[in-house]
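Q: Structure provided below as structure tokens; questions to follow.
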Amino acid sequence: MDFYVEGTPIRDEKAPDGPIETRWDRRRFGAKLVNPANKRKLTVIVVGTGLAGGSAAATLGELGYNVKSFCYQDSPRRAHSIAAQGGINAAKNYRNDGDSVYRLFYDTVKGGDFRARESNVYRLAQISVEIIDQCVAQGVPFAREYGGLLDTRSFGGAQVSRTFYARGQTGQQLLLGAYQALARQIAAGRVEMHPRTEMLDLIVVDGRARGIVVRDMVTGEVSTHFADAVVLATGGYGNAFYLSTNAKGCNTTAIWRAHRRGALMANPCYTQIHPTCIPVSGEHQSKLTLMSESLRNDGRVWVPKVGGDARAANDVPESERDYYLERIYPSFGNLVPRDIASRAAKHVCDEGRGVGPGGLGVYLDFADAIRRLGRAAVEAKYGNLFEMYQRITGEDPYEVPMRIYPAVHYTMGGLWVDYDLRSTVPGLFVIGEANFSDHGANRLGASALMQGLADGYFVLPNTIGDYLADGPFETVDTAHPEVAAAVSEVVDRITALLLVNGDRTVDSFHRELGHIMWEHCGMERTEEGLRKALELIPALREEFWRRVKVPGSGEGLNQSLEKAGRVADFFELAELMCVDALHRTESCGGHFRAESQTPDGEAMRDDADFSYVAAWEYATPPVLHREQLTFDHVEPTQRSYK
């Protein structure tokens with residue numbers, strides 16, 4: 174069976190050439206500007222109010238544009254970015270430990286298993302130093318050393334200490350900084366805020382993104398909003414797996430509906446499995462809880478040396494413990510990148526040496542750190558994380574080791590964008606986790622917050638003007654045939670979901686889809702498993718449209734209806750994720766094909782055949798457009814952290 178067809182190659186036309194150190198400066202200078210008087214005539218829609226969306230809306234408002242900001246939460250500050258724990262990377266080199274912009278660039282390209290664009294990654298490293306200054310000026314309470322200087326800690330995939338943090342609440346503090354900047358623009362009348370409003374389609378008129386179709390989640394009213402450009406900052410799609418560390422509301426609807434309107438979807442199979450999550454405890458669970466990667470600074474990961482050892486952790490003597498990350502990867506130890514730590518945990522559990530219920534767990538032990546630093550110092554660094562773990566598990570991590578296991582966390586795939594963050598639909602920009610651009614096949618820890626704020630505060634505000642300088646564009650209203658057609662499709666879809674009136678809940682379908690994805694497109698993929706998934710998913714999707722039960726109506730608050738629309742999109746996305754994973758017969762980063770591994774079980778890339786971005790066009794079957802990757806500054810090699 175042909176799961177896809179080949180399309181024409183695609184190329185990033187906006188990325189400058191020449192010295193990588195000056196590409197961003199030269200691009201900014203070469204971009205067209207919009208004078209202040211003209212900015213007041215232009216409107217930009219920003220969907221999503223997390224770190225990327227909140228910072229973008231605030232900055233665009235500050236620049237003088239008319240901004241319409243949308244979120245489905247009751248407040249912008251409830252975006253999922255608030256849940257980020259560990260920190261944000263920046264190449265400040267305050268520790269004088271050998272860090273630099275170039276080293277952050279190198280670590281990120283290598284950490285992504287050489288599947289990211291050099292130009293984008295260097296820009297991200299370059300801007301990282303500006304982000305910290307911006308956030309400190311906003312009053313973000315980063316941790317500080319005794320003398321008052323900003324403190325840093327280490328994260329996976331790096332041998333330098335470059336991660337700035339605010340205990341285990343870094344995302345919360347950064348989001349509140351962006352939110353107060355956004356609130357200032359709302360008060361000034363430059364940003365129009367629309368909470369409890371969900372985007373259900375992109376309006377494309379004469380080939381340009383000109384607005385969105387939304388549903389008021391309280392009243393059920395479907396309406397339209399128009400602008401000269403649309404920015405999507407709606408996060409990732411990890412909830413396709415049902416169980417993930419994402420908030421339950423996180424979904425793919427905004428980017429998937431844009432994909433259906435012509436925006437290419439890039440590398441959807443690149444899913445990050447985070448190694449430090451509280452293990453699944455039963456079928457009742459609807460989500461998983463992340464324990465910050467920062468804990469691997471002082472926590473040591475181990476399992477018993479012998480399988481079937483049922484003794485309590487504190488009863489296992491040192492001589493009978495296997496600190497397997499320190500043993501296998503002596504140079505990086507417990508700070509190997511997430512994909513490597515996750516697969517190593519799966520491997521020891523597959524050997525029968527896992528701990529806890531079902532043997533699906535490994536220990537993260539702080540006994541050595543408490544002896545070395547004292548309990549007070551450990552509590553100052555990680556206290557809120559330890560408290561959260563104890564509340565969820567009933568176990569005190571100061572007394573017994575944490576139990577952790579990998580779980581779906583972040584998605585490196587997303588809508589394809591060029592260097593200017595433009596999608597393949599003119600006028601549609603995509604920022605933060607919603608795009609694919611900066612992390613390759615595996616995101617290094619503490620880089621998500623860095624990308625979100627870089628895109629929102631610094632990149633988009635500089636590049637969107639190059640597009641808007643050609644505006645304002647022709648006025649569009651609800652009478653336009655393409656607008657009316659988009660609204661009609663949204664209404665028809667809502668009606669169709671309500672009319673099924675079947676006998677299965679939305680959650681039952683979502684859970685079954687998630688099980689298929691975790692088994693066949695999760696930490697390890699095989700050709701046989703992916704082909705099986707591509708049989709099961711269409712059959713389950715067909716059953717969904719015959720048997721799903723959506724109680725209530727579309728006229729008012731109806732969370733079952735909201736979930737049904739999102740799960741319908743997850744079905745289509747999940748199929749594309751499996752097609753993408755099946756076609757990529759190499760292993761790289763978060764995509765591990767069992768058929769492609771080194772003799773010692775590491776991911777084995779195939780640079781000759783797969784050194785490209787897979788950008789998919791919505792069609793039946795999907796169309797693959799390849800963007801070839803070139804490496805002029807970092808030579809792709811077999812990744813080693815030993």
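Read in the working numbering, the sequence shown has 370 at position 197, and its numbers run on one by one without any break. We treat Cβ as the ideally placed atom computed from N, Cα and C, and that holds for glycine.
Pick from Arg388, Thr392, Thr407: whose alpha carbon is nearest that of His398?
A: Counting from 1 along the sequence shown, the entry for residue 398 is found at position 225. Of Arg388, Thr392, Thr407, the residue nearest in Cα terms is Arg388.
Q: What residue range is occupied by the uninterrupted beta strand (DSSP E) comprising Val219?
A: Sequence index remark: in the sequence shown, residue 219 carries index 46 (1-based). That run of the beta strand (DSSP E) goes 216-220.
Q: Going by DSSP in three states, Glu759 sits in which element: helix, strand or coil?
A: Position 586 of the sequence shown, counted from the first residue, corresponds to residue 759. Looking at Glu759 - three-state DSSP - the assignment turns out to be coil, as it is neither helix nor strand.
Q: Identify whether His688 lies in helix, strand or coil by the three-state DSSP scheme.
A: Counted from its first residue, the sequence shown places residue 688 at position 515. Three-state DSSP puts His688 in a helix.
Q: For a quick check, are the C-beta atoms of Gly227 and Leu405 less than 9 Å apart?
A: On the sequence shown, residue 227 is found 54 positions in, with the first residue counted as 1. On the sequence shown, residue 405 is found 232 positions in, with the first residue counted as 1. Cβ distance not < 9 Å, so Gly227 and Leu405 don't count as in contact.
Q: Short of 7 Å in beta carbon distance, which residues of its chain neighbour Pro795, apart from the five on each side in sequence? Order them along the chain.
A: By one-based count along the sequence shown, residue 795 stands at place 622. Once the five neighbours on either side are set aside, the close Cβ partners of Pro795 are Tyr177, Leu749, Val752, Trp789.
Q: Taking contact to mean at least 3 C-beta pairs separated by less than 8 Å, is the region 612-624 in contact with the region 278-291?
A: Taking 8 Å as the limit for Cβ pairs, the verdict is that the region 278-291 does touch the region 612-624.
Q: Are three or more beta carbon pairs between the region 372-385 and the region 588-601 nearer than 8 Å?
A: Yes, since at least three Cβ pairs between the region 372-385 and the region 588-601 fall closer than 8 Å, the two stretches touch.
Q: Span of the alpha helix (DSSP H) holding Phe646?
A: Counting from one through the sequence shown, the residue named residue 646 turns up at place 473. First-last for Phe646: undefined, no H or E at that position.
Q: Give me the Cα-Cα distance between Ala553 and His653, rounded to the nearest whole angstrom.
A: Sequence index remark: in the sequence shown, residue 553 carries index 380 (1-based). Sequence index remark: in the sequence shown, residue 653 carries index 480 (1-based). Looking at the two C-alpha atoms, the distance is approximately 59 Å.
Q: On a CA-only basis, which of Leu746, Ala657, Ser769, Ile451 is nearest Tyr791? Give me that one, please.
A: Position 618 of the sequence shown, counted from the first residue, corresponds to residue 791. Considering only alpha carbons, the answer is Leu746.
Q: Compare the C-alpha of Met464 against each of Ala580, Gly362, Lys705 and name the closest.
A: Numbered from its first residue, the sequence shown carries residue 464 at position 291. Cα-wise, what sits closest to Met464 is Ala580.
Q: Report back the beta-carbon spacing between Pro724 and Tyr578 to the nearest angstrom; my notes put them in contact at under 8 Å.
A: Working through the sequence shown from its first residue, we reach residue 724 at position 551. Working through the sequence shown from its first residue, we reach residue 578 at position 405. About 35 Å; that fails the 8 Å criterion.
Q: Check this for me: beta carbons of Pro510 and Asp495, under 9 Å apart or not?
A: Position 337 of the sequence shown, counted from the start, is the residue given in the question as residue 510. Position 322 of the sequence shown, counted from the start, is the residue given in the question as residue 495. Cβ distance not < 9 Å, so Pro510 and Asp495 don't count as in contact.
Q: Could you name the residues that DSSP lists as bridge partners for Met438?
A: Your numbering for residue 438 matches position 265 in the sequence shown. Note: Met438 sits in a beta bridge opposite Leu588, Trp789.
Q: Between the Cα of His756 and those of Leu707, Glu735, Asn731, Gln770, spot the shortest distance and give me the residue it belongs to.
A: Position 583 of the sequence shown, counted from the first residue, corresponds to residue 756. For His756, the nearest C-alpha among the options comes from Leu707.
Q: Using a threshold of 9 Å, state whether the C-beta atoms of Leu802 and Tyr785 are closer than that.
A: Here residue 802 is taken as the residue at index 629 of the sequence shown, counted from 1. Here residue 785 is taken as the residue at index 612 of the sequence shown, counted from 1. Yes, they are a contact pair.
Q: Give a yes or no on contact between the region 266-273 and the region 427-435, applying the rule of three or more CB pairs nearer than 8 Å.
A: Output reads no: the region 427-435 does not touch the region 266-273.
Q: Curious, which full-length alpha helix (DSSP H) runs of at least 4 residues does the region 666-737 contain?
A: Complete alpha helix (DSSP H) runs here, min 4: 679-694, 700-720.
Q: Hey, how far is the Cα of Lys736 from the Cα of Arg720?
A: One-based indexing of the sequence shown puts residue 736 at position 563. One-based indexing of the sequence shown puts residue 720 at position 547. In a straight line, the C-alpha of Lys736 is about 15 Å away from that of Arg720.
Q: In the DSSP assignment, find the unbroken beta strand (DSSP E) run with Pro477 in it and report its ends.
A: Numbered from its first residue, the sequence shown carries residue 477 at position 304. It spans 473-477 - the beta strand (DSSP E) in which Pro477 sits, taken as one unbroken run.
Q: Going by CA-CA distance only, name the one from Met696, Glu701, Pro711, Ala339 that's closest to Gly763.
A: Your numbering for residue 763 matches position 590 in the sequence shown. Of the candidates Met696, Glu701, Pro711, Ala339, the one whose C-alpha sits nearest the C-alpha of Gly763 is Met696.
Q: Taking the straight line between their C-alpha atoms, what separation do you get for Asp190 and Ala402?
A: What you label residue 190 is simply residue 17 of the sequence shown in a count that begins at 1. What you label residue 402 is simply residue 229 of the sequence shown in a count that begins at 1. Their Cα atoms are separated by approximately 27 Å.
Q: Could you tell me whether the region 657-664 touches the region 247-265, using the rule of 3 or more Cβ pairs below 8 Å?
A: The answer is no - the region 247-265 does not touch the region 657-664, with fewer than three Cβ pairs under 8 Å.
Q: Would you mind reading off the limits of the beta strand (DSSP E) that contains Asp389?
A: Taking the sequence shown and counting its residues from 1, one reaches residue 389 at position 216. Run containing Asp389: 381-389, per the beta strand (DSSP E) assignment.
Q: If you count every other CB in all the chains shown that lies within 10 Å of the CB of Gly629, and 16 or more means buried, which is it?
A: Residue numbering aside, residue 629 sits at position 456 when the sequence shown is read from its first letter. Buried, since its Cβ has 16 or more Cβ neighbours within 10 Å.
Q: What whole-angstrom Cβ distance do Asn608 and Val632 have, given they're in contact under 8 Å?
A: Counted from its first residue, the sequence shown places residue 608 at position 435. Counted from its first residue, the sequence shown places residue 632 at position 459. 11 Å between Cβ atoms; not a contact.
Q: State the CB to CB distance for the pair Ser301 and Ala354, rounded to an integer number of angstroms; the pair is presumed to be in contact (CB under 8 Å).
A: For this step, residue 301 is matched to residue 128 along the sequence shown. For this step, residue 354 is matched to residue 181 along the sequence shown. Contact doesn't hold; Cβ gap of about 19 Å is too wide.
Q: Going by other Cβ atoms of all chains shown within 10 Å of its Cβ, with 16 needed for buried, is Ile501 buried or exposed?
A: Counted from its first residue, the sequence shown places residue 501 at position 328. With 16 or more Cβ atoms within 10 Å of its Cβ, Ile501 is classed as buried.
Q: Tell me the DSSP bridge mates of Glu130?
A: What the structure shows of the chain is the stretch from 174 to 815, and residue 130 is not part of that stretch, so it cannot be assessed.
Q: Taking its Cβ as the centre, do 16 or more other Cβ atoms sit within 10 Å of Asn674, making it buried, or is it exposed?
A: Within the sequence shown, numbered from 1, the residue matching residue 674 stands at position 501. So Asn674 counts as exposed.
Q: For Gln624, does the count of other Cβ atoms within 10 angstroms reach 16, so buried, or fall short, so exposed?
A: For the purposes of this step, residue 624 is taken as the residue at position 451 of the sequence shown. Buried, since its Cβ has 16 or more Cβ neighbours within 10 Å.
Q: From which residue to which residue does the alpha helix (DSSP H) around Arg433 run?
A: On the sequence shown, position 260 is the one that residue 433 refers to. Note, Arg433: alpha helix (DSSP H), 426-433.
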